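Scroll down for the structure; my scribbles are underneath it.
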Amino acid sequence: MKAIPVLILAACAANLVGFAQPAEVVHDIVVYGDSSGAVTAAVSAKREGRSVVLVNPTRFPGGMSASGLGATDFLGKQGTFGGVAKDFYAGIAKAYGKDFVRSFEPHVGRKVFEQLLAEAGVEAVYGEKLDRTSGKGVTMDGKRITAITTLSGKTYRGRMFIDATYVGDLMAAAGVTFTVGREPESQYGEDMAGVRRGDTNPRVHYGQKDKDHFVAKVSPYVTPGDPASGLLPHVVPGAGLTNGQGDRRIQAFNYRVCLTANPANRIPLEKPPGYREIDHELLLRNFDAGDARMPALIEPLEGAGQKVDWNNMHAVGSDFVGANYEYPEASYERRREIELAHETYIRGFLWTMANSPRVPEKLRQRAASFGLPRDEFTDNGGWPWMIYIREARRMVGDYVMTQLDCAGARKADDPVALGSFGMDSHAVQHIIAADGAVQNEGVIWRVPPRPYGISYRAIVPRRGECENLFSPVCLSASHVAHGSIRMEPVFMALSQSAAIAAGLAIDRGVGVQDVPYAPLLAKLEAAKQVVRPEAWKRPANEGAPREKKAKAVK
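The working numbering numbers the first residue of the sequence shown as 347 and each following residue consecutively.
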């Protein structure tokens, strides 16, 4: 008989006599998220001396701020935030050798996020999606989460958890109360809530005249003027829709596509597989009717690459209206189907703009001058990694941010970040208007009179629910208020505040609902957060608020 190696015998003996095995790691804070806020939360926690792990369901850091949203939404009042968010934008400017920039390329955003994580020493894992199977993905002990488990079977244990996803998957799996869609006007006393028809005269819910609405009469039927021929794709009847009605519909998504006009770096816009011209008949028919506006907000990006951020604008653009209602609560597989449908639609929109003879020549030539950049999203053919999720689930906490907060009619006494952008929603539906033509429904816009505070209670579950979870992205806000809050730098600021509050909850041995505000405020301001409206001052290099200009960034 051959001798058994000594090391094997020793290992067996260790197991037999019950030698202690390595203890399972319990982090102070587990951040689960795909957003820019996920990065700032993890970096902030690490800077505070906490043990933290960032569990990212995507394969890159930074969310939309690294996936095409280069004309970023801090342009209105960039003095309303500080902390890690300020560090991010300072890092962007430094990458271009400047003190301040108004836009940036996607790869630069990703690089700066990676630098922030590396400099802080954050442990980050990528491609780990929460197991959303009931009873599997979230382990609870009473009203506290003790661990989350991903589809790959990996488990992450923690004392505090931050859901910094754009969809609120962890929040929902933990049993926290949430909503999807639009509240009725009566629920919170908001005159911009619920259904908002574009054929309303006047449009009291919209302050940008005819922008983002149809200005020409377009027939909604396959055969113009013939109801018997059926409706065009993406058009629904408007009968029975009254302003102020609530529903479970959400504003449209798109991809914030980065394009370049540099021939040496340009991937031509091609007709995508599955293209159907009828899917773009509404766009073409709108041109036929005489609307010659460019259906896009095209913002130049910093750098020498002749790149732009192409976003939706006017009657029919790159928003795939009405195609995303299922997305917030859909399975991963169904979400991917919805994403691919959006990609097909938007690629088809761009190809149509660049090639159809029904597009006015001036607009067609401009669209044809662009292509996808070879040096962006290089593992995805120049196409952005992430769909632009403008809203999904929204937590319902003890304090719900509403239009009243944005308008200054109500003020939270425990602010942890500032909002300032317009109360904004893209179209929710293309409807048949009262005159029988197509019109957009759901578009709202009104600018807050001044920056406003976002309540701490809006980023934690209501009392009696989960005691160690924060939701700074899918926060407690009405559809109207969320339309103002949903800006990338605001998500970053709220997420940093969540991380700092999580550390305070650990130190004091309390649930997130019982974190005292006075010491939290002191810690936030020590971290150079800007949280009190009266503390905001417009920086000298900012100029006039962007949202007051004709081309408002969305």
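Every residue gets a Cβ at the ideal spot worked out from N, C-alpha and C, and that includes glycine.
In this text, all values refer to a predicted model and were calculated from it rather than measured experimentally.
Judged by DSSP secondary structure, ARG712 falls outside any beta strand (DSSP E) and instead within the alpha helix (DSSP H) spanning 707 to 714. Taking the C-beta atoms as reference points, THR546 is found no nearer than 8 Å to ASN611. Every unbroken stretch of the beta strand (DSSP E) spanning 3 or more residues and falling wholly within the segment 627 to 690 is given here in chain order: 642 to 646 and 653 to 658. Taking 8 Å as the upper bound for CB-CB distance, LEU647 and SER390 are not in contact here, some 27 Å apart. For the pair ALA823 and GLY857, the Cα-to-Cα distance works out to about 21 Å. DSSP places ALA738 outside both helix and strand once states are collapsed to three, so it counts as coil.
Contact between MET769 and SER830 holds, with the beta-carbon distance rounding to 5 Å and staying under 8 Å. DSSP lists no beta-bridge partner residue for PHE767. Looking from the CA of CYS812, the closest CA among PHE459, THR485 and SER381 belongs to THR485. DSSP lists VAL399 as the bridge partner or partners of GLU469. In the structure shown, GLU787 adopts extended strand secondary structure according to DSSP, grouped into three states. Taking every protein chain shown into account, the CB of ILE438 has 16 or more other CB atoms within 10 angstroms, so this residue is buried.
In the structure shown, CYS812 adopts coil according to DSSP, grouped into three states. Judged by beta-carbon spacing, GLU645 lies within the 8 Å limit of ASP655, meaning their Cβ atoms are closer than that value. The distance from the Cβ of LEU643 to that of HIS776 is about 19 Å, inconsistent with a contact at the 8 Å cut-off. Inter-segment contact for the segment 659 to 668 and the segment 739 to 754 is absent: fewer than three beta-carbon pairs are separated by less than 8 Å. In terms of Cβ geometry, VAL746 and ILE800 do not form a close pair [threshold 8 Å]. Looking at the DSSP output, ARG612 bridges to PRO719. For PRO797 and CYS752, the gap between their C-alpha atoms comes out near 8 Å. For ALA520, the closest alpha carbon among the candidates LEU815, ARG680, TYR863 and ILE852 is that of LEU815.
Here DSSP, grouped into helix, strand and coil, assigns THR724 to helix. Per the Cβ contact rule, the segment 828 to 846 is in contact with the segment 508 to 525 (3 or more Cβ pairs under 8 Å).
Residue burial is scored here from C-beta neighbours: ILE491 has at least 16 other C-beta atoms within 10 angstroms and is therefore classed as buried. Inter-segment contact for the segment 615 to 623 and the segment 680 to 695 is present: three or more beta-carbon pairs are separated by less than 8 Å. Nearest to ARG393 by C-alpha distance, out of PRO862, ALA464 and GLY443, is ALA464. HIS772 sits in coil when the DSSP states are folded into three classes, being neither helix nor strand. Shown here, SER381 sits in coil according to DSSP, grouped into three states, outside any helix or strand. The C-beta distance from ILE778 to GLY584 rounds to 5 Å, short enough to meet the 8 Å contact threshold. Residues ARG680 and ILE684 of the same chain have their beta carbon placed closer than 8 Å to that of GLU672, with the five preceding and five following residues left out of the count. Collapsing the DSSP output to three states places ALA388 in a helix. In terms of Cβ geometry, PRO452 and GLY409 do not form a close pair [threshold 8 Å]. Taking the CA atoms as reference points, GLU529 sits about 37 Å from ALA872. Note that the segment 423 to 433 does not touch the segment 540 to 560; fewer than 3 beta-carbon pairs, one per stretch, sit closer than 8 Å.
C-alpha of LEU821 to C-alpha of GLY765: approximately 13 Å in a straight line. In the three-state reduction of the DSSP assignment, ASP487 falls in the strand class.
No Cβ-Cβ contact shorter than 8 Å links SER664 with PHE633.
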